[in-house]
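Undergrad:
Protein chains: 4
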Amino acid sequence: MTRSREALLAGALDELAAVGYAAFSMESVAARAGVGRSTLYRHWGDRLQLIADALETLNVQPAPPDRPADETAREHVEDLLRHLADALSRSRVSACLPALVHAAEQDAGVREFLHGYSRRRRQALVDAIAEGTARGEFRPGDPDIGADALSGAVFYRRLMTAHPVRPDDVPVLVDAVLGRR
Amino acid sequence: MTRSREALLAGALDELAAVGYAAFSMESVAARAGVGRSTLYRHWGDRLQLIADALETLNVQPAPPDRPADETAREHVEDLLRHLADALSRSRVSACLPALVHAAEQDAGVREFLHGYSRRRRQALVDAIAEGTARGEFRPGDPDIGADALSGAVFYRRLMTAHPVRPDDVPVLVDAVLGRR
Amino acid sequence: MTRSREALLAGALDELAAVGYAAFSMESVAARAGVGRSTLYRHWGDRLQLIADALETLNVQPAPPDRPADETAREHVEDLLRHLADALSRSRVSACLPALVHAAEQDAGVREFLHGYSRRRRQALVDAIAEGTARGEFRPGDPDIGADALSGAVFYRRLMTAHPVRPDDVPVLVDAVLGRR
Amino acid sequence: MTRSREALLAGALDELAAVGYAAFSMESVAARAGVGRSTLYRHWGDRLQLIADALETLNVQPAPPDRPADETAREHVEDLLRHLADALSRSRVSACLPALVHAAEQDAGVREFLHGYSRRRRQALVDAIAEGTARGEFRPGDPDIGADALSGAVFYRRLMTAHPVRPDDVPVLVDAVLGRR
DNA sequence: CGCTAACCGAGACGGTACGTCCCGTCTTTAC
DNA sequence: GTAAAGACGGGACGTACCGTCTCGGTTAGCG
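Chains as they are written, first to last, in this note's numbering: chain A, 1 to 181; chain B, 1 to 181; chain C, 1 to 181; chain D, 1 to 181.
1) Would you mind sorting residue 163 of chain D into buried or exposed? The rule is 16 or more other CB atoms within 10 Å of its CB.
2) Any idea if residue 182 of chain A is buried or exposed, counting beta-carbon neighbours within 10 angstroms, 16 or more meaning buried?
3) Can you name the start and end residues of the alpha helix (DSSP H) that residue 172 of chain C belongs to?
4) State the start and end residues of the unbroken alpha helix (DSSP H) segment that holds residue 117 of chain C.
5) Are the region 141–157 of chain D and the region 142–155 of chain C in contact at 8 Å, needing three or more beta carbon pairs?
6) Output yes if chain B places a C-beta closer than 7 Å to the C-beta of residue 26 of chain A; else output no.
7) Go through its chain and collect everything with a Cβ distance to residue 76 of chain C's Cβ below 6 Å, but skip five positions before and after it.
8) Determine the direct distance from the alpha carbon of residue 96 of chain C to that of residue 140 of chain C, and round the result to whole angstroms.
9) Could you tell me which chain A residues have their CB closer than 7 Å to the CB of residue 118 of chain B, listed as they occur along the chain?
10) Do you know how far the Cα of residue 130 of chain D is from the Cα of residue 79 of chain C?
11) Please go through the same chain and pick out, in chain order, the residues whose beta-carbon is closer than 6 Å to the beta-carbon of residue 104 of chain B, but skip the five residues on each side of it.
12) Is the beta carbon of residue 167 of chain B closer than 7 Å to that of residue 73 of chain B?
13) Under 7 Å, Cβ to Cβ, is there at least one residue of chain C near residue 148 of chain D?
14) Check for me: the alpha helix (DSSP H) holding residue 143 of chain A runs from which residue to which?
15) Going by the beta-carbon positions, is the gap between residue 100 of chain D and residue 57 of chain D smaller than 7 Å?
16) Do we get a CB-CB distance below 7 Å when we pair residue 15 of chain A with the residues of chain B?
17) Can you tell me where the alpha helix (DSSP H) with residue 4 of chain A in it begins and where it stops?
18) Quick check: the Cα distance between residue 3 of chain C and residue 30 of chain C, rounded to an integer number of angstroms?
19) Tell me whether the beta-carbon of residue 126 of chain B lies closer than 7 Å to the beta-carbon of residue 144 of chain B.
20) Check residue 184 of chain D in the structure and name its three-state DSSP category.
21) Give the secondary structure of residue 94 of chain A by DSSP, where H, G and I count as helix, E and B as strand, and everything else as coil.
22) Mind checking if residue 94 of chain C is an interface residue toward chain D, Cβ cutoff 7 Å exclusive?
23) Under the assumption that residue 54 of chain D contacts residue 13 of chain D (Cβ atoms under 8 Å), give the Cβ distance between them as a whole number of angstroms.
24) Would you tell me roughly how many angstroms separate the C-alpha atoms of residue 18 of chain D and residue 102 of chain C, rounded to the nearest one?
25) Taking the continuous alpha helix (DSSP H) assigned at residue 43 of chain B, which residues delimit it?
26) Give me the Cα-Cα distance between residue 180 of chain C and residue 165 of chain D, rounded to the nearest whole angstrom.
27) Nearest CA to the CA of residue 24 of chain A: which residue from A/41, A/51 and A/5?
28) Would residue 48 of chain B and residue 26 of chain B be called neighbours here (beta carbons separated by less than 7 Å)?
29) Run through DSSP, which three-state label would residue 23 of chain D get?
30) Which of the residues in the region 71–86 of chain A, read from start to end, lie with their CB under 8 Å from any CB of chain B?
31) The alpha helix (DSSP H) with residue 163 of chain A in it runs from where to where?
32) For residue 72 of chain C, name the three-state secondary structure that DSSP assigns.
33) Could you pull out every residue in the same chain whose Cβ sits closer than 7 Å to the Cβ of residue 137 of chain D, ignoring the five residues on either side in sequence?
34) When Cβ atoms are compared, which residues of the region 123–149 of chain C fall closer than 8 Å to chain D?
35) At which residues does the alpha helix (DSSP H) containing residue 55 of chain C begin and terminate?
36) Going by beta-carbon coordinates alone, are residue 177 of chain C and residue 81 of chain C separated by less than 7 Å?
Structural data, given as structure tokens:
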């Protein structure tokens with residue numbers, strides 16, 4: 001709303017991406033925003049409220065791009081996964097993700113945010129898979145399981161290995177889990 | 001080695017599991033171990049050294065149980081996944097995992113540990129899948145991709161949702177990714 | 001200035017008098033003043049800055065009492081010495097003196113303070129002696145030397161013996177050094 | 001006695017002279033002596049015992065030099081004062097003196113040592129003055145007072161000013177306090 | 001136009017944890 | 001059997017943030 005509010009929310013995300021949740025410092029957020037410490041506390045009371053609020057900022061779902069009428073379900077699934085892989089490689093979300101995973105373990109508010117974020121993405125994937133399965137584009141199977149395996153592979157590679165999934169890897173992954181073209 | 005060393009390493013893991021990496025306090029670890037703060041610093045110098053060392057403790061791979069000679073590759077894969085699912089539900093590793101994921105993002109030592117830990121588990125899975133594929137127990141496919149999808153699903157459900165994979169979920173998952181029985 | 005500042009300065013002098021310079025503890029000063037340790041460090045940064053500042057407190061010279069017009073130079077000299085003897089027996093200055101002497105050896109700031117304090121007192125004495133000498137109340141002689149001998153006796157007895165100069169001892173001392181009445 | 005004992009006593013005096021009583025560190029004394037910390041504690045238990053013992057080392061009175069038969073009492077007094085002035089300018093005693101003054105205020109053992117040291121020196125001076133007074137070399141007067149004034153001037157200038165008494169200053173001082181030649 | 005209210009910065013305050021240094025005690029090694 | 005090495009619990013150091021608070025100063029809106 002007020003000018004400093006936005007500067008602080010942005011500063012909070014920067015801080016989170018830069019030093020993580022553990023070393024996150026209100027002092028430093030205020031400095032990033034070029035704002036007095038007291039102003040910060042006037043708006044958010046404590047660290048967690050600020051972080052939780054800043055995360056909402058990330059929550060704005062970009063409207064799903066108009067899908068061409070003739071896009072196959074497989075293409076759609078691949079798009080969703082490519083977008084996820086991309087988000088986990090480059091965006092601010094990616095930088096904050098490990099901090100979020102950790103914070104979620106400690107704080108119900110953050111947990112809610114993280115799970116909700118994940119749920120929305122996953123649901124889109126489930127829908128696309130279900131459509132493809134119905135159309136016979138994919139091997140028959142539970143679309144929920146498929147979504148876990150596909151999303152999981154992307155998150156797993158980002159969080160637990162040094163080699164995140166790249167866009168080119170996506171088709172192979174879809175082939176393996178949902179059935180060859 | 002010395003008595004207090006072990007008490008402190010154990011205390012460190014407890015602390016990590018209890019309050020996470022962000023709120024991890026040397027003060028509190030020393031208290032948990034019933035040991036003077038200076039003793040703690042005599043051994044580890046700072047927070048990260050202690051955590052890194054404590055993690056090595058988790059690193060001891062339990063010898064793979066003697067596999068019955070007649071176990072199928074599918075059974076083996078399912079065992080590995082059930083063990084992983086179990087580890088991510090109950091063990092000390094699970095409690096520390098979010099803290100680890102976060103710490104790994106900030107510290108190379110922890111990152112190395114986490115990736116190494118993940119790599120070893122994954123390799124066992126890859127081998128089992130490859131064997132099954134060779135024997136025709138599974139649908140043909142790249143065992144690396146299959147391992148990512150299977151491991152990924154388990155980690156994803158633990159870290160990003162409120163519903164971790166339970167042992168009973170494993171066969172369905174294996175069916176979906178590697179091919180129906 | 002701020003409330004706690006004064007409480008801390010007073011506490012510092014108490015601490016200095018009570019346990020000396022060697023055992024002087026910031027922790028304990030803060031406790032004496034009923035103030036948080038961080039407040040103490042916010043104002044002074046470290047032990048020496050605090051002590052140096054606290055000493056300035058002692059530096060306020062009480063305005064010389066209106067000397068009766070008919071006071072002789074000898075009476076004036078005796079007054080000054082009695083005042084010194086008294087200060088070295090009872091006052092807070094006396095309690096801090098040994099600590100000061102030691103601290104002065106290690107720290108230039110304290111040294112400056114101590115020497116300045118001594119110089120001012122001594123100068124008043126030199127002036128009084130010079131006046132008396134000019135008036136023929138005292139035996140001819142260098143007033144600086146006389147001041148050293150008189151001041152010296154008082155400090156010497158305070159610092160190096162168990163028997164400080166008492167007010168009654170002053171006239172005899174003046175007789176011996178400056179000439180009999 | 002044992003080799004390390006002596007090294008430690010010497011080291012203690014060095015340390016005292018170097019950093020004073022306040023910053024005196026057992027750690028550092030042991031290091032100076034090239035000896036383990038535990039060896040130090042085996043001999044002295046704590047800081048004060050060590051310091052007290054080390055000071056005894058300084059206590060060895062050099063045998064009074066054979067006074068020439070024809071030396072006057074004034075010459076003797078001047079010799080004693082010159083020796084004192086010299087000791088307070090150069091020797092290890094001088095370096096330790098401020099530390100001693102301070103320690104004496106806190107610790108009875110050190111106080112006893114310091115006062116005793118002072119008493120012995122002063123007595124020699126009193127005797128010399130008394131002799132000179134008896135012989136008519138000095139103005140009549142109480143030799144105790146004279147000794148306080150003379151010793152006092154020397155200590156005062158050492159401890160409270162930046163200008164210690166130098167050997168050349170001695171005759172003038174004696175003239176002023178005990179009577180002109 | 002001037003008053004009031006909000007928002008803001010600066011920073012004092014009591015607190016807690018950090019990592020460092022030294023204390024005095026003790027056990028364990030090794031010469 | 002004496003000395004070294006060094007682990008141990010303790011406690012003060014000076015630093016950095018925390019979250020709370022009071023204090024002036026600016027700006028805006030409203031009377």
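From the three backbone atoms N, C-alpha and C, an ideal C-beta is built for every residue, glycine too.
TA: Let me spell this out:
1) One-based indexing of the fourth sequence puts residue 163 of chain D at position 163. Result: exposed.
2) Since the first and last residues shown for chain A are 1 and 181, residue 182 of chain A lies out of range.
3) To locate residue 172 of chain C, count along the third sequence from 1; it is residue 172. Where residue 172 of chain C is concerned, the enclosing alpha helix (DSSP H) stretches over 170–178.
4) Working through the third sequence from its first residue, we reach residue 117 of chain C at position 117. Start and end: 108–134.
5) yes
6) Translated into positions along the first sequence, residue 26 of chain A becomes position 26. Chain B, which has no Cβ nearer than 7 Å to the Cβ of residue 26 of chain A, makes this no.
7) Counting from 1 along the third sequence, the entry for residue 76 of chain C is found at position 76. Cβ neighbours of residue 76 of chain C beyond the five flanking positions: 128.
8) Position 140 of the third sequence holds residue 140 of chain C. Position 96 of the third sequence holds residue 96 of chain C. About 36 Å.
9) Indexing the second sequence from 1 puts residue 118 of chain B at position 118. By Cβ distance, chain A contributes 160 and 161.
10) Along the third sequence, read from residue 1 onward, the residue named residue 79 of chain C stands at position 79. Along the fourth sequence, read from residue 1 onward, the residue named residue 130 of chain D stands at position 130. Taking the straight line from one Cα to the other gives about 29 Å.
11) For the purposes of this step, residue 104 of chain B is identified with residue 104 of the second sequence, where counting begins at 1. Contacts found: 110, 111 and 114.
12) For the purposes of this step, residue 73 of chain B is taken as residue 73 along the second sequence, with counting starting at 1. For the purposes of this step, residue 167 of chain B is taken as residue 167 along the second sequence, with counting starting at 1. Result no, Cβ atoms of residue 73 of chain B and residue 167 of chain B do not sit closer than 7 Å.
13) Walking along the fourth sequence from the start, residue 148 of chain D turns up at place 148. It does: the Cβ of residue 148 of chain D has a partner Cβ on chain C nearer than 7 Å.
14) On the first sequence, residue 143 of chain A is found 143 positions in, with the first residue counted as 1. Residues 143–160.
15) In the fourth sequence, counting from the first residue as 1, residue 100 of chain D sits at position 100. In the fourth sequence, counting from the first residue as 1, residue 57 of chain D sits at position 57. In this structure, residue 57 of chain D does not lie closer than 7 Å to residue 100 of chain D by Cβ.
16) For this step, residue 15 of chain A is matched to residue 15 along the first sequence. Using a CB distance cut-off of 7 Å, residue 15 of chain A does not count as an interface residue toward chain B.
17) Counted from its first residue, the first sequence places residue 4 of chain A at position 4. Looking at the DSSP string, the run of the alpha helix (DSSP H) that includes residue 4 of chain A is 3–19.
18) As a working mapping, residue 3 of chain C is identified with position 3 in the third sequence. As a working mapping, residue 30 of chain C is identified with position 30 in the third sequence. Whole-angstrom Cα-Cα distance: 13 Å.
19) Within the second sequence, residue 126 of chain B is the residue found at index 126, counting from 1. Within the second sequence, residue 144 of chain B is the residue found at index 144, counting from 1. Cβ atoms of residue 126 of chain B and residue 144 of chain B: closer than 7 Å.
20) There is simply no residue 184 of chain D to check, as chain D begins at 1 and stops at 181 in what is shown.
21) Locating residue 94 of chain A in the first sequence gives position 94, where the first residue counts as 1. Three-state DSSP puts residue 94 of chain A in a helix.
22) For this step, residue 94 of chain C is matched to residue 94 along the third sequence. Not closer than 7 Å to any Cβ of chain D, the Cβ of residue 94 of chain C fails to qualify, so no.
23) Walking along the fourth sequence from the start, residue 54 of chain D turns up at place 54. Walking along the fourth sequence from the start, residue 13 of chain D turns up at place 13. So it is a contact: roughly 5 Å between Cβ atoms.
24) For the purposes of this step, residue 18 of chain D is taken as residue 18 along the fourth sequence, with counting starting at 1. For the purposes of this step, residue 102 of chain C is taken as residue 102 along the third sequence, with counting starting at 1. Those two C-alpha atoms are separated by around 12 Å.
25) Position 43 of the second sequence holds residue 43 of chain B. 37–44 is the span of the alpha helix (DSSP H), which, as asked, contains residue 43 of chain B.
26) Looking up residue 180 of chain C in the third sequence gives position 180. Looking up residue 165 of chain D in the fourth sequence gives position 165. Whole-angstrom Cα-Cα distance: 26 Å.
27) Translated into positions along the first sequence, residue 24 of chain A becomes position 24. Checking every option, the nearest Cα to that of residue 24 of chain A belongs to A/51.
28) The sequence position of residue 48 of chain B within the second sequence is 48, counting from 1. The sequence position of residue 26 of chain B within the second sequence is 26, counting from 1. No, these two residues do not count as a Cβ contact at 7 Å.
29) For the purposes of this step, residue 23 of chain D is taken as the residue at position 23 of the fourth sequence. Annotated three-state conformation of residue 23 of chain D is coil, per DSSP.
30) none
31) Residue mapping note: residue 163 of chain A aligns to position 163 of the first sequence, counting from 1. First-last for residue 163 of chain A: undefined, no H or E at that position.
32) In the third sequence, the residue the question calls residue 72 of chain C occupies position 72. Looking at residue 72 of chain C - three-state DSSP - the assignment turns out to be coil, as it is neither helix nor strand.
33) As a position in the fourth sequence, residue 137 of chain D is number 137, starting the count at 1. So the qualifying residues of the chain are 72, 73 and 74.
34) 141, 142, 145, 146, 148 and 149
35) Here the question's residue 55 of chain C lines up with position 55 in the third sequence. Counting along the chain, the alpha helix (DSSP H) containing residue 55 of chain C begins and ends at 47–58.
36) Counting from 1 along the third sequence, the entry for residue 177 of chain C is found at position 177. Counting from 1 along the third sequence, the entry for residue 81 of chain C is found at position 81. Not closer than 7 Å, so no.
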